[in-house]
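Protein chains in written order, with my numbering: chain A, 1 to 147; chain B, 1 to 147; chain C, 1 to 147. Where a beta carbon is used, it is the ideal one built from N, C-alpha and C, also for glycine. So the structure is just underneath, and the comments pick up after that.
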Amino acid sequence: MSEERSAVYQEIHHFYARQMRLLDEGRVAEWAETFEPDGVFDANGHPEPLRGREMIESGARKASERLAADGVQRRHWLGMLEVAERPDGTLFAQTYALILSTPRGGQASVHMSTTCADVLVRDEGTLRVRRRTVRRDDLAAADGGEN
Amino acid sequence: MSEERSAVYQEIHHFYARQMRLLDEGRVAEWAETFEPDGVFDANGHPEPLRGREMIESGARKASERLAADGVQRRHWLGMLEVAERPDGTLFAQTYALILSTPRGGQASVHMSTTCADVLVRDEGTLRVRRRTVRRDDLAAADGGEN
Amino acid sequence: MSEERSAVYQEIHHFYARQMRLLDEGRVAEWAETFEPDGVFDANGHPEPLRGREMIESGARKASERLAADGVQRRHWLGMLEVAERPDGTLFAQTYALILSTPRGGQASVHMSTTCADVLVRDEGTLRVRRRTVRRDDLAAADGGEN
Chain A
1 MSEERSAVYQ EIHHFYARQM RLLDEGRVAE WAETFEPDGV FDANGHPEPL RGREMIESGA
61 RKASERLAAD GVQRRHWLGM LEVAERPDGT LFAQTYALIL STPRGGQASV HMSTTCADVL
121 VRDEGTLRVR RRTVRRDDLA AADGGEN
Chain B
1 MSEERSAVYQ EIHHFYARQM RLLDEGRVAE WAETFEPDGV FDANGHPEPL RGREMIESGA
61 RKASERLAAD GVQRRHWLGM LEVAERPDGT LFAQTYALIL STPRGGQASV HMSTTCADVL
121 VRDEGTLRVR RRTVRRDDLA AADGGEN
Chain C
1 MSEERSAVYQ EIHHFYARQM RLLDEGRVAE WAETFEPDGV FDANGHPEPL RGREMIESGA
61 RKASERLAAD GVQRRHWLGM LEVAERPDGT LFAQTYALIL STPRGGQASV HMSTTCADVL
121 VRDEGTLRVR RRTVRRDDLA AADGGEN
């Protein structure tokens, strides 16, 4: 791996660490900024993809408020990163996602295992998600999404 | 850490992400290609080490078909990577391995925690496993293997 | 991300892999050497912060001996690393920590989910922890520590 490519790969790791920390700490507006204004969040656990930063933020805010009300701390781990640079200059980043859940005063446990496939773009030097495709391991793979 | 060494370290991360994804997606022939033709897979959960790519592939295929028949999605996470370059030019890579398991329609959970120690070699530019030593955390450490 | 910064980031990953492996293998004296002589380990699961390498080592030794006596193998995973270089030259490294636990002959499971925030310094080329702040996800965030 070239040193330049290695640095891009590392930058994506860092991007995900920041992005997930923002979500898990309930900093939803900052989290939503990590998506393009017209970004798409396509999760097969949702009835249909969320389109645009406003919808993405609004969906996350509801989930975040519910967790806070329930006294539950979620942690999103992304790992096993593979990156491919596409001819159009976008980056295709595949990861595994592990979601941990800890109730206040209670026992931490695995909440869910999913895969995550992102199309990332560089927007004035800053990485952002153009399209995120999340597939839960407990659901059949039938719905392949539009990716 | 030098930038060159950092790039090698990153390349190994990437190698593992691809390797585990191939296994978890049931692409067993491609997965087996990530081992040397005379590679060895020594797991203390097996009665004896698997020797050669054919045996390694055959063992993985049976496990993969059983999981598919049972509707179970496994995810192999490798992490906490330490790498040492050996005088003979091989790389010694130590990781923790976490295996998650999700039944279709069911709850994800931790299946197993192990350590993994690999001797990696570069074969015409491509990393491959010459010898893998997997030790399950639930079994006594008595069997140290031949490593 | 610059190639230089990427290499520092990678070095911290490697530092954590080694540090956690030392702890999980019960090599407590070597583990304690990864802290500064006057380092501080502040965990909100403890009644008060451990101050100085001797106290840190002694606390870890007791925990390690208890686990060995109980036949339990712990694995500390750190991930989702974010690093910031501070004006004083120290590094501020934030991670998620996942602790897995496997009893001999038994089932691996999630023991705990925490966050970890470290002030790291370079001591004659070697990274060490000056101050570690661990916050358990099951405890209220009220105690913010001195960080």
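A distance below 8 Å separates the beta carbons of glycine 59 of chain A and leucine 50 of chain A.
Taking 3 residues as the shortest admissible run, the region 64-145 of chain A contains the following complete beta strand (DSSP E) segments, listed from N- to C-terminal end: 72-85, 91-103, 109-123, 126-136.
Listed as beta-bridge partners of valine 8 of chain C by DSSP are no residues whatsoever. Any Cβ of chain C closer than 8 Å to the Cβ of histidine 111 of chain A would place that residue at the interface, and such an atom is absent. Taking 8 Å as the CB threshold, threonine 102 of chain A lines the interface with chain C. Taken in chain order, the members of the region 9-25 of chain A whose beta-carbon sits within less than 7 Å of a beta-carbon on chain B are Tyr9, Gln10. Linking threonine 90 of chain C to valine 121 of chain C through their CA atoms gives a straight-line distance of about 5 Å. Between the C-alpha atoms of aspartate 123 of chain B and valine 8 of chain B there is a straight-line separation of about 14 Å. Under the Cβ criterion (8 Å, minimum of three pairs), the region 30-46 of chain C does not count as touching the region 78-96 of chain C. For aspartate 118 of chain B, no Cβ of chain C is located within less than 8 Å of the residue's own Cβ. Boundaries around glutamate 30 of chain A are those of the alpha helix (DSSP H), 28-32, since no beta strand (DSSP E) includes it.
Nearest to leucine 22 of chain A by C-alpha distance, out of A/Arg132, A/Ser64, A/Arg104, is A/Ser64. Under DSSP, phenylalanine 35 of chain C shares a beta bridge with C/Val129. If you draw a 10 Å sphere on the C-beta of glutamine 107 of chain A, you find fewer than 16 other C-beta atoms in it, and that means exposed.
For the 8 Å CB-CB criterion, threonine 114 of chain A and arginine 135 of chain A form a contact. Put simply, the backbone Cα of alanine 69 of chain A is about 24 Å away from that of arginine 53 of chain A. The Cβ of glutamate 33 of chain A sits no closer than 8 Å to any Cβ of chain C. Within 7 Å of the CB of alanine 140 of chain B, the CB atoms of chain C belong to Arg104, in sequence order along the chain. Taking the beta carbon of glycine 79 of chain B as reference, the chain A residues within 8 Å of it are Gly79, listed in sequence order. Nearest C-alpha to threonine 102 of chain A among A/Ala140, A/Glu57, A/Asp24: A/Asp24. Alanine 43 of chain C counts as buried, since no fewer than 16 other beta carbons sit within 10 angstroms of its beta carbon. The alpha carbon of glutamate 30 of chain C has as its nearest neighbour, out of C/Leu98, C/Ile56, C/His46, the alpha carbon of C/Ile56. Residues of the same chain with a CB within less than 6 Å of the CB of glutamine 94 of chain A, apart from the 5 flanking positions on each side, are Glu82, Ala117 in chain order. When A/Arg75, A/Gly105, A/Asp88, A/Arg104 are compared, the shortest CA-CA separation from leucine 98 of chain A is found for A/Arg75. Distance check between glycine 26 of chain A and each of A/Gln73, A/Val110, A/Glu48, A/Met1 places A/Gln73 closest, using alpha-carbon atoms only.
Among the residues of the region 81-93 of chain A, those with a Cβ less than 9 Å away from any Cβ of chain B are Leu81, Glu82, Val83, in the order of the chain.
Around leucine 98 of chain A, the beta-carbon contacts reaching into chain B at under 9 Å are Arg75, Trp77, Leu98, Leu100, Ala108. With respect to the C-alpha of arginine 61 of chain A, the residue from A/Val28, A/His46, A/Gly71, A/Arg5 having the closest C-alpha is A/Val28. Listed in chain order, the non-local C-beta contacts of phenylalanine 41 of chain C below 6 Å within the same chain comprise Leu50, Ile56, Arg132, local neighbours out to five positions each way being set aside. In this structure, arginine 104 of chain C lies away from alanine 17 of chain B, with their beta-carbon atoms at least 8 Å apart. Within 10 angstroms of the beta-carbon of glutamate 4 of chain C lie fewer than 16 other beta-carbons, which makes it exposed.
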